[in-house]
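Enquirer: Encoded as structure tokens, here's the structure I'll be asking about.
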Amino acid sequence: MKKNFNRDRSDFKNLTLEIVESRLKEIAQRHNLDLMDECILYLYTQEYGSLTNEIADILYPRYGFKGIYPTPKL
1 MKKNFNRDRS
11 DFKNLTLEIV
21 ESRLKEIAQR
31 HNLDLMDECI
41 LYLYTQEYGS
51 LTNEIADILY
61 PRYGFKGIYP
71 TPKL
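Under the UniProt record's numbering, the first residue of the sequence shown carries the number 1, and numbering increases by one thereafter.
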């Protein structure tokens with residue numbers, strides 16, 4: 001899939017947490033990776049572009065990531 005670096009921020013208005021989580025699960029299955037693997041978010045951005053800050057703020061702690069780096073879950 002081609003990256004679109006000129007995405008308008010309005011593209012994010014229909015982006016929901018459920019859509020992003022579904023995409024993350026599909027990527028994990030396609031690449032035979034664990035959902036907690038640090039590569040998942042990188043692959044997501046390569047395929048779909050960036051996340052909204054609001055969604056990233058929810059996903060990163062949920063999946064054990066702090067910023068772009070994974071941190072161990074307690």
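Just so you know, even glycine gets a beta-carbon here, dropped at the ideal spot from N, CA and C.
The model shown is predicted, which means the values in this text are computed figures rather than measured ones.
1) Tell me the rounded alpha-carbon separation between Leu35 and Glu18.
2) Kindly give me the distance between the Cβ atoms of Leu41 and His31, rounded to whole angstroms, as I take these residues to be in contact under 8 Å.
3) For Asn14, count neighbouring C-beta atoms within 10 Å of its own C-beta (all shown protein chains included) and say buried if the count is 16 or more, exposed if not.
4) Three-state secondary structure (DSSP) at Asp34?
5) Could you tell me which of Cys39, Glu38, Pro61 and Asn53 sits nearest to Thr16, measuring between CA atoms?
6) Could you check whether Arg23 and Tyr60 sit closer than 8 Å to each other, using their CB atoms as the reference points?
Expert: Working from what's here:
1) 15 Å
2) That belief does not hold up - the Cβ atoms of Leu41 and His31 are roughly 12 Å apart, past 8 Å.
3) exposed
4) coil
5) Asn53
6) no
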